[in-house]
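S.K.: Below you'll find the structure I mean.
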Amino acid sequence: MKKRNRIGIAVMSSIFAGIIFIPTVIVLPFTGSSDTAQVQETQAQAAEDEEVVTELPASLSPFSIHVLRSETDKVEEVPLETYVSRVVASEMPASFELEALKAQALAARTYVTRHLSQGGPVSENADVTDTTQHQVYKNEKELRNLWGDHYVENISKINKAVQETAGEIITYKQQPIEAAFFSTSNGYTENSEDYWKQEIPYLKSVESPWDKASPRFADQKIVPLSGLETALGVDVTPSLSNLKLTKTEGGRVDQITIGSETFSGRKIREAFNLQSSDFTLEQKNDHIIFTTQGFGHGVGMSQYGANGMAKAGKTYKEIIEHYYQNTEISPMSKQTASITTVK
Numbered sequence: 226m227k228k229r230n231r232i233g234i235a236v237m238s239s240i241f242a243g244i245i246f247i248p249t250v251i252v253l254p255f256t257g258s259s260d261t262a263q264v265q266e267t268q269a270q271a272a273e274d275e276e277v278v279t280e281l282p283a284s285l286s287p288f289s290i291h292v293l294r295s296e297t298d299k300v301e302e303v304p305l306e307t308y309v310s311r312v313v314a315s316e317m318p319a320s321f322e323l324e325a326l327k328a329q330a331l332a333a334r335t336y337v338t339r340h341l342s343q344g345g346p347v348s349e350n351a352d353v354t355d356t357t358q359h360q361v362y363k364n365e366k367e368l369r370n371l372w373g374d375h376y377v378e379n380i381s382k383i384n385k386a387v388q389e390t391a392g393e394i395i396t397y398k399q400q401p402i403e404a405a406f407f408s409t410s411n412g413y414t415e416n417s418e419d420y421w422k423q424e425i426p427y428l429k430s431v432e433s434p435w436d437k438a439s440p441r442f443a444d445q446k447i448v449p450l451s452g453l454e455t456a457l458g459v460d461v462t463p464s465l466s467n468l469k470l471t472k473t474e475g476g477r478v479d480q481i482t483i484g485s486e487t488f489s490g491r492k493i494r495e496a497f498n499l500q501s502s503d504f505t506l507e508q509k510n511d512h513i514i515f516t517t518q519g520f521g522h523g524v525g526m527s528q529y530g531a532n533g534m535a536k537a538g539k540t541y542k543e544i545i546e547h548y549y550q551n552t553e554i555s556p557m558s559k560q561t562a563s564i565t566t567v568k
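Quick note: the sequence shown uses this note's numbering, first residue 226, plus one each step.
Laid out in structure tokens, this is it:
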């Protein structure tokens, strides 16, 4: 009797083992196509849910950043990679391709690394501001207000870009670069010396044809003729005369002569708050029409260009290599020894 029970137990154990290890053999032949689709959808949703990361682990960050909030004059202390994530969220549309977001993450991380190692703090308690003086930064509450129901989706996507590039910066001769970036080019980026008067070897004019898809590629602004005279201190009545201009390698206005005075393209852009220093002028009666191409100073990485490259299948490393000539992507650990944040 005991022997028979042992045999029965062995048989049942074999059956249960079969059920445990080959469930698909048992289930799938009796599962309809609609049920299979439901299973696949559930599995896909589960995989998607696993990638939702609304908070980055503190272990990713070797130190914290102290951000001076311009509206409250208070300082927020946040782990480095959380800071990078929020800068990316504030500086680049979350709808952009993942590889473009990764490139932006490297630019943001490189910028703050260079600032901390070379620029120093902005006050006794703060490393950086939250404005374009350094990098635009919004905290979680502000991003939730900005994105509403899309917050989890957007921040998870950006955090993925940050996680997959954590600790990486852009270097030139083993030093973090001036990681300049802007919204939209006119088809080419600008040599640094043609806008800032400082030649930086890795910030050279390169083609960026993807930018034409940007909603900010073209713009017009109308200025009264009297307003132009007042702003520039010139006399152009009754019409523009001696209008001559030269262009930079990047196709923007280098110098322009209006009346008896000569100005830089940057001066004109800033005087009339133009989107770009690639502009033309046309007089219509007592008004001047400025037509511009591009948005921003044009130096470094074009954000819409980066997104266009990503859509074309390029990786963030290829994007960085294109816009920052002859640079390398390096581990930040080589730089942290010289970084000092406020305490």
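The C-beta atom is built at its ideal place from N, Cα and C for all residues, glycine as well. What you are looking at is a predicted structure, and each value in this text was computed from that prediction instead of being measured.
Within 8 Å, do at least three Cβ pairs link the stretch 487-500 to the stretch 380-399?
M.R.: With a cut-off of 8 Å, the stretch 487-500 and the stretch 380-399 do not count as touching, because too few Cβ pairs lie within range.
S.K.: Does the distance from the C-beta atom of F504 to that of V478 stay below 9 Å?
M.R.: Yes, Cβ-Cβ distance for F504 and V478 is below 9 Å.
S.K.: When the Cα atoms are used, what is the spatial distance from Y541 to I447?
M.R.: For Y541 and I447, the distance between alpha carbons rounds to 39 Å.
S.K.: Specify, as a first and last residue, the run of the alpha helix (DSSP H) that K382 falls within.
M.R.: Here the alpha helix (DSSP H) through K382 covers 376-388.
S.K.: Once you ignore the five residues that flank L331 on each side, which residues in its own chain have a CB closer than 8 Å to its CB?
M.R.: Contacts found: T390, E393, I394, I395, A404, Y541, I545, I554.
S.K.: For L470, which of helix, strand or coil comes out of DSSP?
M.R.: Correct three-state label for L470: strand.
S.K.: With K542 as the anchor, note down where its alpha helix (DSSP H) starts and where it stops.
M.R.: 541-548 is the span of the alpha helix (DSSP H), which, as asked, contains K542.
S.K.: Around the Cβ of V312, are there at least 16 other Cβ atoms within 10 angstroms (buried) or fewer (exposed)?
M.R.: When all chains shown are included, V312 counts as buried.
S.K.: Quick check: the Cα distance between Y549 and Q388, rounded to an integer number of angstroms?
M.R.: If I take the Cα positions, the gap works out to 22 Å.
S.K.: Taking its Cβ as the centre, do 16 or more other Cβ atoms sit within 10 Å of E280, making it buried, or is it exposed?
M.R.: Answer is exposed; the Cβ neighbour count stays below 16.
S.K.: Which value, in whole angstroms, describes the spacing of the CA atoms of E378 and A319?
M.R.: Roughly 9 Å between the two C-alpha positions.
S.K.: Can you give the Cα-Cα distance for G525 and L305, rounded to whole angstroms?
M.R.: Cα-Cα distance, rounded: 23 Å.
S.K.: Rounded to whole angstroms, how far is the Cβ of S410 from the Cβ of G523, which I believe are closer than 8 Å?
M.R.: That belief holds up - the Cβ atoms of S410 and G523 are roughly 6 Å apart, short of 8 Å.
S.K.: Could you compute how far the alpha carbon of A443 sits from the alpha carbon of S289?
M.R.: Roughly 40 Å between the two C-alpha positions.
S.K.: Which partner residues does Q445 have in the DSSP bridge list?
M.R.: Answer by DSSP bridge pairing, in chain order: T516.
S.K.: With DSSP collapsed to three states, give me the class of Y397.
M.R.: Three-state result, Y397: strand.
S.K.: In terms of DSSP beta bridges, what is Q508 paired with?
M.R.: I513.
S.K.: Where does the unbroken alpha helix (DSSP H) through T571 begin, and where does it stop?
M.R.: Residue 571 is absent from the model: the chain starts at 226 and stops at 568.
S.K.: Could you give the first and the last residue of the continuous beta strand (DSSP E) run that contains S489?
M.R.: 486-489 is the span of the beta strand (DSSP E), which, as asked, contains S489.
S.K.: Kindly give me the distance between the Cβ atoms of S501 and G530, rounded to whole angstroms, as I take these residues to be in contact under 8 Å.
M.R.: In fact, because the Cβ distance is near 14 Å, the residues do not count as touching under 8 Å.
S.K.: Using a Cβ-Cβ cut-off of 7 Å (strictly less than) and excluding sequence neighbours within five positions of S464, which residues of its own chain qualify?
M.R.: Answer for S464: Q508, listed in chain order.
S.K.: Can you give me the Cβ contacts of Y376 inside the same chain, cut-off strictly under 7 Å, excluding the 5 residues immediately before and after it?
M.R.: Excluding residues within five positions, the ones whose Cβ falls inside 7 Å are L368, R369.
S.K.: Work out the CA separation of K429 and S466 for me, nearest whole Å.
M.R.: Straight-line Cα distance between these residues: approximately 34 Å.
S.K.: Buried or exposed: where does I247 fall if 16 or more other Cβ atoms within 10 Å of its Cβ makes it buried?
M.R.: The pLDDT assigned to I247 is 32, lower than 50, so where the model puts this residue is not dependable; a value taken from the coordinates is nonetheless given after this. Counting Cβ neighbours within 10 Å, I247 comes out exposed, since fewer than 16 surround it.
S.K.: In terms of alpha-carbon separation, which member of D352, K422, K299, F407 lies closest to S433?
M.R.: Checked all of D352, K422, K299, F407; the closest Cα to S433 is F407.
S.K.: Please look up how many angstroms separate the CB atoms of K469 and T455, rounded, as I've assumed it's under 8 Å.
M.R.: Actually they do not touch by this definition, with Cβ atoms about 22 Å apart.
S.K.: Helix, strand or coil for P248, going by three-state DSSP, please let me know.
M.R.: Note that P248 has pLDDT 35, beneath the 50 cutoff, so the model's placement of it is unreliable and no number is given.
S.K.: With 16 other CB atoms within 10 Å as the buried threshold, where does D352 fall?
M.R.: Buried.
S.K.: Round the Cβ separation of Q445 and I513 to the nearest angstrom and send it over; I've been treating them as touching at under 8 Å.
M.R.: At roughly 11 Å, the Cβ-Cβ gap does not stay under 8 Å, so Q445 and I513 are not in contact.
S.K.: Helix, strand or coil: which one does DSSP assign to M317?
M.R.: DSSP places M317 in coil when its eight states are reduced to three.
S.K.: Would you tell me roughly how many angstroms separate the C-alpha atoms of P401 and G458, rounded to the nearest one?
M.R.: When rounded, the distance between both Cα atoms is 41 Å.
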